[in-house]
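Student:
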Amino acid sequence: EAGVVQSPRYKIIEKKQPVAFWCNPISGHNTLYWYRQNLGQGPELLIRYENEEAVDDSQLPKDRFSAERLKGVDSTLKIQPAELGDSAVYLCASSLGAGGYNEQFFGPGTRLTVL
Amino acid sequence: DAKTTQPTSMDCAEGRAANLPCNHSTISGNEYVYWYRQIHSQGPQYIIHGLKNNETNEMASLIITEDRKSSTLILPHATLRDTAVYYCIVRGYTGTASKLTFGTGTRLQVTL
């Protein structure tokens, strides 16, 4: 069974440019998460989806970040415009449900470098 | 979420047991102890979790003290592939308490 798929794996852009990351979760997983991981730190949750509904986006910087999961499967995270401080690894994870008994499976991440 | 305290780094010789400690002195009665690891350039991977009893699976063993204020993850026979950052996380089962809140973890280096 395929794991969580993310693309691209690496992205280099100049500041003020837009960028988008794509995630395909494990088949049948209703819950999808986007995390950001800064260098030397653990991942931090940005947003959580239950099917197509964003149920926890309290940590998403809404002035420049947006996310969507239109059909409750794939998801896209967008930054517009990107800033230097957005350089990080963006991780997508999925689970069968949101409860703590549901293991989260992580993708390999997208490493974003903003110049 | 209860905070956890872990050593920044540890070394272990290949073939020996790696014992990774974690302090979680403010854990509440309905919170579990979870362990994840992150190998370089990969996403975190679930290892094991427990409430108050010791747990074992194919990857590791988890020993939780009787007062639940600390725990130890044991990799019985560490290999080079176990070199990773190990995260100890305290987590509830429902609602916002079920969020995974990662700290900075312990960087385990397994050497020949």
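Keeping their order, the protein sequence lines are chains A and B. Counting from 1, one number per residue, gives the positions in the first sequence under our numbering. Counting from 1001, one number per residue, gives the positions in the second sequence under our numbering. All C-beta atoms in this analysis are idealised placements derived from N, C-alpha and C, irrespective of residue type, glycine included.
1) So the candidates are B:1027, B:1044, B:1060, B:1038; which of them puts its Cα closest to the Cα of residue 1017 of chain B?
2) Counting only C-beta atoms, is residue 119 of chain A closer than 8 Å to chain B at any point?
3) Closest to residue 1093 of chain B by C-alpha separation, out of B:1004, B:1029, B:1005, would be which residue?
4) Distance, Cα to Cα, residue 32 of chain A vs residue 56 of chain A?
5) Are the beta-carbon atoms of residue 92 of chain A and residue 19 of chain A separated by less than 8 Å?
6) Going along the chain, which residues of the stretch 1005 to 1027 of chain B sit with their C-beta nearer than 7 Å to a C-beta in chain A?
7) Measure the C-alpha to C-alpha separation of residue 1005 of chain B and residue 1023 of chain B and round it to an integer number of angstroms.
8) Is it buried or exposed, residue 1036 of chain B, if we count other Cβ atoms within 10 angstroms and call 16 or more buried?
9) Rounded to a whole number of angstroms, what is the C-alpha to C-alpha distance between residue 1057 of chain B and residue 1091 of chain B?
10) Taking all protein chains shown into account, do 16 or more other C-beta atoms lie within 10 angstroms of the C-beta of residue 1081 of chain B, making it buried, or fewer, making it exposed?
11) In three-state terms, what does DSSP make of residue 1081 of chain B?
12) Classify residue 39 of chain A as buried or exposed, calling it buried when 16 or more other Cβ atoms lie within 10 Å of its own Cβ.
13) Taking 8 Å as the CB-CB limit, is residue 43 of chain A close to chain B?
14) What's the call for residue 27 of chain A, buried or exposed, on a 16-neighbour Cβ count within 10 Å?
15) Since residue 1105 of chain B meets chain A, which of its residues come closer than 7 Å, beta carbon to beta carbon?
16) Could you have a look at residue 84 of chain A and say whether DSSP puts it in helix, strand or coil?
17) Am I right that residue 74 of chain A and residue 24 of chain A are in contact with their C-beta atoms under 8 Å? What's the rounded C-beta distance?
18) If the cut is a Cβ gap below 7 Å, which residues of chain A does residue 1099 of chain B touch?
Tutor: This is what the structure gives:
1) Measuring from the Cα of residue 1017 of chain B, the nearest candidate turns out to be B:1060.
2) Absent from the structure is residue 119 of chain A, since the part of chain A shown begins at 1 and ends at 115.
3) Among B:1004, B:1029, B:1005, the Cα nearest to that of residue 1093 of chain B belongs to B:1029.
4) Whole-angstrom Cα-Cα distance: 11 Å.
5) Contact: no.
6) Here the close residues number zero.
7) C-alpha of residue 1005 of chain B to C-alpha of residue 1023 of chain B: approximately 5 Å in a straight line.
8) Buried: at least 16 other Cβ atoms inside 10 Å.
9) Distance between the alpha carbons of residue 1057 of chain B and residue 1091 of chain B is about 19 Å.
10) Burial call: exposed.
11) Three-state result, residue 1081 of chain B: helix.
12) Residue 39 of chain A is exposed by the Cβ-count criterion.
13) Residue 43 of chain A belongs to the set of residues whose beta carbon lies under 8 Å from a beta carbon in chain B.
14) The residue in question, residue 27 of chain A, is exposed, as its Cβ has fewer than 16 Cβ neighbours within 10 Å.
15) Going along chain A in sequence order, the residues near residue 1105 of chain B (Cβ under 7 Å) are 42.
16) Helix.
17) Correct: roughly 5 Å between the Cβ atoms.
18) What residue 1099 of chain B touches in chain A: 45.
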